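Some notes on the structure that comes next.
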Amino acid sequence: MPSPLRTVNRTTSRQLQRRSCSRYLAGRSNLTPRQQPTRTSIVLQSPRIRSKFSTMAVLRSNTPATGGVREFDPEIKYMASYIQNYKIDSDLAFETARYVFLDTIGCGLEALRFKECTKLLGPVVEGTVVPNGTRVPGTPYVLDPVNGAFNIGAMIRWLDYNDCWLAAEWGHPSDNLGGILAVADWISRTNRAGGHVGKGAIIKVKDVLEAMIKAHEIQGCLALENSFNKVGLDHVVLVKVATAAVVSKMLGLPERQTADAISQAWVDGQSLRTYRHSPNTMSRKSWAAGDACQRAVNLVLKVKRGEHGVPTVLSAPVWGFYDVLFKSKKFEFQRPYGSYVMENILFKVSYPAEFHSQTAIEAAKKVHAELKSRGKSAEDIESIICRTHEACIRIIDKQHKPMDNFADRDHCVQYMVATMLVFNRLEATDYTDGGEAATSPLVESLRRRISCEEDPEFTKAYHNPDMRTIPNALTVMLKDGTVLKETVVEAPLGHKLRREEAKPEILDKFERHLGPHFPPPKVQELLELGKNREKLENMGVDEYMDEYVKEKMEW
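In full-length UniProt numbering, the protein residues as written are 1 to 555.
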């Protein structure tokens, strides 16, 4: 097969980078992903042939489609081929995935300290224990893999503290671990007990890391050029699609059935973003990813039992995803699937805050120190201008919106900056109703005096594939007329540019999240296991999950 890809110099027009992948895919329905040799931009060649299958032709003829095996949309075929055939050989991707794995589990454990999260967890019928079922970390629950995916997925996402990917669409690819971990644990326990799920093997932690890399890649590459938020859809649609894809392989499904499962994820009802925005901001945003993982696993299990897919779910005229939900626009792809997303993922190291605010909070901490050195405090601030990027304004600029609940506060850049300036901290408990920050008159007054202004250069840097920074800058005016020098932070601590600086902090964060659940010797044992790459990767995932079992939850 001739190579489907060609490389271009980075000075080539960005217009070439944004060519629609679907133009190429429409003519090449049997793509096989390949390792990209360099970090140059990738452009998909124009089609030489057209797919013979045409839904429109069937509509025009007013006759039923002919029998035989129908071709899937090329975008789905390419995704299924990547899942089944692409070999991950990037040491950087596996090393990064290990840190993501530990960080994500830690975030889930921390969420167990919040009753708003734990009230949603556990079996549907109280007291149910599933034979060889999925273990939910930090709890006594033993669940079926579908409900297990919801439980783990909801824990992971609850505090908005796991990893992040920012592009045309935003999201948190480690959300997929909810489905991956639940299914991997269930498969391993069943096979260890004499069953034969998937290929009958015990899944190792390294297999989970590989599944994470591929799930990150699918979600992240779809997000690079395609804005689901601009058509009102929530980014968890990508979690559902990515989880369905990787779980299919874990369950031993062949490539055709993997495509079946992916198509089922696309045809499934997609969540609206309204629960993330005023006036409807609410806690569903914290369990939406768990819901996506749950749906994905459920759909894959249906396919495993013989349910077929929806071959042209994306492209079908009138009734397909593109026409119904995407304003008749086809997906565009900036690059082929590989391991780029995991290698460039963003960690939330310092603060449990929506990622577009991370650099603003870092800047606010510096301003707090500057004020203290001058013998002043947040009470001396008259107003603040936050020079920022477009996505920050779109998502978390809520200067005059009342802070009704936890979900409002952790998605308001003004509230987060004001809390740091007043208390020199930003913790998950600062978002809770009735808390010190939530009831502070100074925080409330100050946040209403913080205005956001877009800097087009910041927005360009945000979208630039060679930078992907998330810049924010604060200019503080004091009541005595003094204007402090602008404080600029371009890349947050979790950015790839600061990865080595972040690694010790990521492990410290993991240790902090373990502390409330386990005695100090156990915390050190889990921490050392996480640092030992070879030992961790070769461990059965069920054995690893056993390390987190609790007979009783403290909260």
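Idealized CB from N, CA, C, for every residue including glycine.
None of the values given here were measured: they were computed from a predicted structure.
Check                                                                                                                                                                 : Outcome
State whether the region 500-513 contacts the region 101-113, with contact taken as three or more CB pairs (one from each stretch) at a distance under 8 Å.           : yes
Taking only runs of the alpha helix (DSSP H) that begin and end inside the region 349-413, which ones reach a length of at least 4 residues, in chain order?          : 358-373, 390-396, 406-409
Going by DSSP in three states, residue 96 sits in which element: helix, strand or coil?                                                                               : helix
Give the straight-line distance between the Cα atoms of residue 184 and residue 143, rounded to the nearest whole angstrom.                                           : 13 Å
Start and end of the beta strand (DSSP E) containing residue 487?                                                                                                     : 487-489
Would DSSP call residue 134 helix, strand or coil?                                                                                                                    : strand
Alpha carbon to alpha carbon, what distance is there between residue 111 and residue 325?                                                                             : 33 Å
Which residue's Cα is closest to the Cα of residue 432: 151, 421, 415, 447?                                                                                           : 415
Straight-line CA distance for residue 86 to residue 96?                                                                                                               : 18 Å
Check residue 239 in the structure and name its three-state DSSP category.                                                                                            : helix
Which of helix, strand or coil does DSSP assign to residue 287?                                                                                                       : helix
Tell me the rounded alpha-carbon separation between residue 181 and residue 480.                                                                                      : 56 Å
How is residue 124 classed by DSSP in three states: helix, strand or coil?                                                                                            : coil
For residue 341, which option in 400, 136, 466 has the closest C-alpha, if you only look at C-alpha atoms?                                                            : 466
Have a look at 384, 200, 430, 207 and flag the residue whose alpha-carbon is nearest the alpha-carbon of residue 246.                                                 : 207
So the candidates are 321, 421, 394; which of them puts its Cα closest to the Cα of residue 362?                                                                      : 421
Please tell me whether residue 378 and residue 413 are closer than 8 Å, where the distance is taken between their beta carbons.                                       : no
In chain order, what residues of the same chain lie with their CB nearer than 6 Å to the CB of residue 553, ignoring the 5 residues before and after it?              : 139
Assign residue 240 to buried or exposed, taking buried as 16 or more other Cβ atoms, counted over all protein chains shown, within 10 Å of its Cβ.                    : buried
Looking only at its chain, what residues have a beta carbon closer than 8 Å to the beta carbon of residue 515, apart from the 5 residues adjacent to it on each side? : 523
Starting from the N-terminal side, write out each stretch of the alpha helix (DSSP H) that is 4 residues or longer and does not extend beyond the region 411-441.     : 413-423
Under the rule that 16 or more other beta-carbon atoms within 10 Å means buried, what is residue 328, buried or exposed?                                              : exposed
Identify which residue in 274, 153, 162 has its Cα closest to the Cα of residue 428.                                                                                  : 162
Just grab the DSSP bridge partners of residue 164 for me.                                                                                                             : 346
With DSSP run on the structure shown, which of helix, strand or coil describes residue 538?                                                                           : coil
In angstroms with no decimal places, state the Cα-to-Cα distance between residue 119 and residue 176.                                                                 : 22 Å
Spell out a yes or no on whether the region 262-281 and the region 396-407 are touching, meaning 3 or more CB-CB pairs, one atom from each, closer than 8 Å.          : yes
By the 10 Å Cβ neighbour count, where 16 or more other Cβ atoms means buried, how is residue 555 classified, buried or exposed?                                       : exposed
Could you check what DSSP says for residue 204 in three-state terms: helix, strand or coil?                                                                           : strand
Within a Cβ cutoff of 6 Å, which residues of the same chain sit near residue 203, ignoring the five residues on either side of it in sequence?                        : 184, 187, 188, 541
Indicate whether the contact test is met: 3 or more Cβ pairs, each with one atom in the region 302-322 and one in the region 70-81, closer than 8 Å.                  : yes
Where does residue 467 fall in DSSP's three states?                                                                                                                   : coil
Do you know how far the Cα of residue 190 is from the Cα of residue 197?                                                                                              : 7 Å
Tell me the rounded alpha-carbon separation between residue 251 and residue 438.                                                                                      : 46 Å
Do the CB positions of residue 450 and residue 99 come within less than 8 Å of each other?                                                                            : no
Nearest-angstrom Cα distance between residue 521 and residue 531?                                                                                                     : 15 Å
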